[in-house]
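Accompanying notes for the structure given below.
In the working numbering, the protein residues as written are 29 to 292.
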């Protein structure tokens with residue numbers, strides 16, 4: 029049983045029986061497997077176990093992790109997927125698990141929804157919170173951003189007020205280098221966050237995203253905009269070192285600049 033953390037490390041555990049909990053002293057967190065309605069009172073996590081939804085507690089296919097007796101729980105399950113035409117239903121659970129939700133110590137939940145197919149298959153494209161509000165995460169690929177850039181440039185060139193030469197705009201490649209000094213880069217970026225459903229206002233739909241993000245031709249985060257379309261953060265990067273931020277500013281605040289030594 030191997031848990032891959034956000035830092036890229038692989039942490040090994042002995043296989044767990046349904047309902048079993050294992051503590052890693054070196055990593056200071058617990059890994060548990062669903063399959064029982066409640067834990068024995070001698071188990072330190074017995075109280076925290078009860079805040080989990082019943083279907084999560086009872087499923088032996090779900091794994092859970094936490095680094096505190098007060099929570100939160102990280103729920104590790106499998107995302108929805110589109111079965112093949114000749115596939116027997118229901119399919120067997122896959123050998124891997126991914127983060128599908130978070131439950132805090134009060135039982136409040138965040139549920140992550142992942143794309144089942146397409147260019148962003150497997151990526152989180154939706155979130156439902158404990159109040160029932162649904163959020164849509166708009167993801168784009170490098171090729172999609174390049175196409176949008178070309179269309180925008182063509183529109184500006186055709187406008188009387190626009191520039192008369194395309195040479196003033198830098199190239200926007202359809203792909204990014206497969207590998208960087210920070211690791212592999214698939215080119216997928218978060219473009220916007222939309223509120224798609226609010227139980228308190230079921231008949232009202234926002235006309236603008238809650239947040240919007242723009243990127244450079246190299247895939248670096250350039251700016252962040254709020255729901256009014258106002259830029260609230262901006263970033264500048266070293267032209268000779270992709271991904272190296274040299275300046276950052278918040279709206280209405282002085283810009284912070286960064287200098288690096290020869291080792292970066």
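Where is the CB? At the ideal position from N, CA and C, for every residue including glycine.
Residue 159 and residue 129 have their C-alpha atoms spaced approximately 14 Å apart.
For residue 225, same chain residues with a beta-carbon under 7 Å away, outside a window of 5 residues either side, are 161, 162 in chain order. When C-alpha distances from residue 164 are compared across 270, 246, 220, the shortest belongs to 220.
Here the alpha carbons of residue 78 and residue 217 stand approximately 36 Å from one another. Secondary structure at residue 58: strand, using DSSP grouped into helix, strand and coil. Taken atom to atom, the span from the alpha-carbon of residue 122 to that of residue 132 is near 26 Å. Rounded to whole angstroms, residue 174 and residue 273 show a C-alpha spacing of 22 Å. Selection 277, 145, 268 evaluated against residue 290 yields 268 as nearest (Cα-Cα). Nearest C-alpha to residue 205 among 228, 270, 155: 270.
Here residue 139 is bridged, per DSSP, to 129, 156. Secondary structure of residue 268 (DSSP, three-state): coil. Collapsing the DSSP output to three states places residue 45 in coil.
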